[in-house]
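Numbered per full-length UniProt numbering, the sequence shown finishes at 278, counting up by one with no gaps.
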Amino acid sequence: MRPFTWLAPDTTEEAVALLREHGTGARVIAGGQSLLLAMKERTVGPSHLVSLGGITGLARVTTEPDGALVVGAATTYAALTRAALPGWHGVLSDVAGDLADRPVRNRGTIGGALCAADPRFDVPALAVGVDAVLRISGAAGDRTLPAAEFLRGNGITAIGPDEILTAVVLPPLPAWDAVVFEKFRHRVFDAAIVSATCALRRACDGTPAAVRVTVAGATATPVVLDVDAAATAADAADLAAASFHPDATDEPTRYRRELVRTLVRRTVDRAHTQQGSA
Ligand SMILES: Cc1cc2nc3c(=O)[nH]c(=O)nc-3n(C[C@H](O)[C@H](O)[C@H](O)COP(=O)(O)OP(=O)(O)OC[C@H]3O[C@@H](n4cnc5c(N)ncnc54)[C@H](O)[C@@H]3O)c2cc1C
1 MRPFTWLAPD TTEEAVALLR EHGTGARVIA GGQSLLLAMK ERTVGPSHLV
51 SLGGITGLAR VTTEPDGALV VGAATTYAAL TRAALPGWHG VLSDVAGDLA
101 DRPVRNRGTI GGALCAADPR FDVPALAVGV DAVLRISGAA GDRTLPAAEF
151 LRGNGITAIG PDEILTAVVL PPLPAWDAVV FEKFRHRVFD AAIVSATCAL
201 RRACDGTPAA VRVTVAGATA TPVVLDVDAA ATAADAADLA AASFHPDATD
251 EPTRYRRELV RTLVRRTVDR AHTQQGSA
């Protein structure tokens, strides 16, 4: 690992100013679970690390007057696991508690996972799956972006060099009546090969009014499928499989395609049978 200077701002504004001052040599560090590995492997070699650890407001979970859940970007998986989140917001706790191992969950943050933009990570997949919005602060001011627009490729996001992701905002509970996340991994501590999320909203008569199906891991960024609200789980699964390299015949791609099909069928099936969570 190359030598670096550790900077510990107390506020987001100070952190942004430090990023601006030190330019391309500066990197934000949250839990360090992805960044420190990259530094050890020398794929990155920042001269300055701007730590988010001292910015208390960034690790809070609050609820807006309209019911939206605001999760500070520096909130750890462990804190999310302990949070008593109501209704379908609780899926975030379940996902945070079922990834990696305890040391990673104690240090790793929701914002770090999104900014690392690794297609195998669970939180970016779920954020796109429920149509979360991300809050970003930078030298030019504050802005928001849907999670789907934030993730641009493997390791690539829409965040600028002097910007900080400050929060992940989950829509209010009435946005969805059921949210189901499923992933497939070989061993319990492995990252997912494929994951699927189904978010479903019902009409007054109980029939599905909107279904949002998102597949992640199989492509560089999560893909939101164009699934009709009236589609059965089997129809949605076939559509998902058909949209994933339909002509490829090599074994690894076929294997992933069948995982996509299976996980989409399961999530849609479970969402259809889940009771309203608001
Ligand atoms: C052994 C191991 C197993 C793992 N298994 C899984 C798994 O099964 N599922 C899963 O989903 N993930 C898994 N992970 C990945 C883990 O989720 C991420 O490493 C972690 O969430 C990254 O968060 P962090 O706070 O540690 O980010 P850091 O490593 O501190 O930062 C990651 C990147 O994001 C940038 N960054 C961080 N926060 C911000 C911010 N607020 N604003 C702007 N830029 C920021 C940093 O500059 C850096 O580029 C695993 C990791 C390890 C080490």
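Here a beta-carbon is modelled for each residue, glycine too, at the ideal position from N, C-alpha and C.
Since the model is a prediction, treat every value here as computed from it, not as a measurement.
Ala83 and Asp142 have their alpha carbons spaced roughly 27 Å apart. CA-CA distance, Pro222 to Ala148, rounds to 7 Å. Residue list for ligand 1: Arg27, Val28, Ile29, Ala30, Gly31, Gly32, Gln33, Ser34, Leu35, Ala73, Leu99, Ala100, Val104, Gly108, Thr109, Gly111, Gly112, Ala113, Cys115, Ala116, Phe121, Asp122, Ile164, Leu165 and Ala191 (CB closer than 5 Å to any heavy atom, chain order). Just measuring C-alpha positions, the residue of Ala59, Pro103, Glu13 and Thr62 sitting nearest Phe189 is Pro103.
For Asp235, the enclosing alpha helix (DSSP H) begins and ends at Ala233 to Ala242.
Counting only the Cα atoms, Ala140 lies some 10 Å from Val16.
In this structure, the straight-line span from the alpha carbon of Gln274 to that of Ala230 is close to 16 Å. Glu182 is bridged by DSSP to Ala196. Residue range Gly141 to Pro146 is occupied by the beta strand (DSSP E) that includes Asp142, with no alpha helix (DSSP H) assigned at that position.
Closest in C-alpha terms to Thr11, from the list Leu35, Arg201 and Gly138, comes Gly138. Distances from the alpha-carbon of Ala196 to those of Arg185, Ala209 and Gly206 put Arg185 closest. By the neighbour-count criterion, in which a residue is buried when 16 or more other Cβ atoms sit within 10 angstroms of its Cβ, Thr207 is exposed. Going by C-alpha positions, Thr75 is about 16 Å away from Asp101.
In the structure shown, Ala167 adopts extended strand secondary structure according to DSSP, grouped into three states. Between the C-alpha atoms of His272 and Ala237 there is a straight-line separation of about 14 Å.
Nearest Cα to Arg261 within the set Ala203, Leu170 and Phe244: Phe244. Relative to Met1, the option among Leu18, Thr43 and Ser34 whose CA is nearest is Thr43. Note on geometry: alpha-carbon atoms of Ala242 and Glu258 lie some 10 Å from one another. In the three-state scheme derived from DSSP, where H, G and I count as helix and E and B as strand, Ala26 is classed as strand.
About 7 Å separates the beta carbons of Pro161 and Leu19, which is inside the 8 Å limit, making them a contact pair.
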